[in-house]
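Chemist: In the numbering used here, the protein residues as written are 212 to 491.
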């Protein structure tokens, strides 16, 4: 089923994070990025926030303004509606909002689901509905160029079937290409961080490589089978995920940026058009 179909997303990613801050949000790098950027932002008032591809929503965003959650999945929106001021069914390539509607736009794990030919349109839409001086924060899934992924790409049909398609990642790009896309949309960088370099959480090892693709390399297939078996037990899964989280913290500053499986980005929309600011 093509990930662009609404049916692919219906009923997926419906969990609602009802706490603004939790143990998970403190440990998980991508969630901690949002905490760091938003914790000093005063809440409530007139600020309007758009959570793109909101899933079940995250209470954190409600602490800084009135949130509209947008998603393709109606079950996700029903859950998000319990903590957000409003929800809307919508497509990121044609946002159903007026120009300059939002002070803050956020997304986690959305843009990797947008096909690459539609990326520029999506980012132009983000800029259109963002107010001048507003900020946009994203975690974007990236196309890593680490040794294991390079090996897996030698088998393009299986790579697509077992790594890209199960999670709907039809639009992965290298980190620098992601950064260029935001800049080309007329957004000014505040932070651009390649993250999640060289490691995989055990569940993803099992998902990707306890498959015919993984069995092409005997040690990899055996490791993937072990990951699947071990992560059936919640305490073992939690301990393994914590270990990998610590490895990311230690290794991300040391490994090449091109190995990144994602990027954390923050951009602002200039309050004055660039040409005007330059006197042009």
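Positions of the beta carbon are idealized from the N, C-alpha and C atoms, including for glycine.
Bear in mind that the values here come from a model prediction, so they are computed numbers and not experimental data.
Rounded to whole angstroms, how far is the Cβ of residue 386 from the Cβ of residue 468, which I believe are closer than 8 angstroms?
Modeler: At roughly 6 angstroms, the Cβ-Cβ gap stays under 8 angstroms, so residue 386 and residue 468 are in contact.
Chemist: Thinking just about the alpha-carbon of each residue, which of 445, 448, 447 and 422 is nearest to the one in residue 436?
Modeler: The option with the nearest alpha carbon to residue 436 is 422.
Chemist: Tell me, please, whether the region 431 to 445 touches the region 309 to 325 by the rule of three or more beta-carbon pairs shorter than 8 angstroms.
Modeler: No, the region 431 to 445 is not in contact with the region 309 to 325.
Chemist: Pull up the distance between the alpha-carbon of residue 492 and that of residue 270, whole angstroms please.
Modeler: Absent from the model: residue 492. The displayed extent of the chain is 212 to 491, so no value can be given.
Chemist: Answer yes or no: do residue 297 and residue 335 have a C-beta to C-beta separation smaller than 8 angstroms?
Modeler: No, the Cβ-Cβ distance between residue 297 and residue 335 is not below 8 angstroms.
Chemist: Around the Cβ of residue 353, are there at least 16 other Cβ atoms within 10 angstroms (buried) or fewer (exposed)?
Modeler: Residue 353 comes out buried.
Chemist: Quick one: any contact between the region 272 to 282 and the region 444 to 455, if contact means 3 or more CB pairs under 8 angstroms?
Modeler: No contact exists between the region 272 to 282 and the region 444 to 455.
Chemist: Can you give the Cα-Cα distance for residue 285 and residue 293, rounded to whole angstroms?
Modeler: Straight-line Cα distance between these residues: approximately 13 angstroms.
Chemist: Does DSSP put residue 490 in a helix, in a strand, or in coil?
Modeler: A caution first: residue 490 carries a pLDDT of 42, below 50, which makes its placement in the model unreliable, though a value can still be read off. In the structure shown, residue 490 sits in coil (DSSP, three-state: anything other than H, G, I, E or B).
Chemist: Is it the case that the region 297 to 310 contacts the region 349 to 369, given that we only count it when at least three CB pairs across the two stretches are under 8 angstroms?
Modeler: These segments do not touch.
Chemist: Got a sec, what are the start and stop residues for the beta strand (DSSP E) residue 471 sits in?
Modeler: That run of the beta strand (DSSP E) goes 471 to 479.
Chemist: Relative to the C-alpha of residue 249, which candidate in 314, 300, 283 and 358 has its C-alpha closest?
Modeler: Closest option to residue 249, Cα to Cα, is 314.
Chemist: For the region 241 to 268, list the beta strand (DSSP E) runs that are entirely contained and at least 3 residues long, ordered along the chain.
Modeler: List check, beta strand (DSSP E) in window: 259 to 263.
Chemist: In this structure, how does DSSP classify residue 357 when only helix, strand and coil are distinguished?
Modeler: Here residue 357 sits in coil by DSSP.
Chemist: Between residue 401 and residue 295, how many whole angstroms is the CB-CB distance? I'm expecting something under 8 angstroms.
Modeler: Not really, about 25 angstroms apart at Cβ, beyond 8 angstroms.
Chemist: Using DSSP bridges, identify the partner residues of residue 178.
Modeler: Given a span of 212 to 491 for the chain in the structure shown, any question on residue 178 remains unanswerable.
Chemist: Measure the C-alpha to C-alpha separation of residue 258 and residue 273 and round it to an integer number of angstroms.
Modeler: Approximately 10 angstroms between the Cα atoms of the pair.
Chemist: Nearest-angstrom Cα distance between residue 236 and residue 244?
Modeler: One C-alpha to the other measures close to 9 angstroms.
Chemist: For residue 225, is the beta carbon positioned less than 7 angstroms from some heavy atom of the ligand COA?
Modeler: The model on display carries no ligand, and the ligand COA is accordingly not part of it.
Chemist: Distance, Cα to Cα, residue 372 vs residue 289?
Modeler: Looking at the two C-alpha atoms, the distance is approximately 31 angstroms.
Chemist: Does DSSP put residue 326 in a helix, in a strand, or in coil?
Modeler: Coil.
Chemist: Count the other CB atoms within 10 Å of the CB of residue 343; is the residue buried (16 or more) or exposed (fewer)?
Modeler: Residue 343 is exposed by the Cβ-count criterion.
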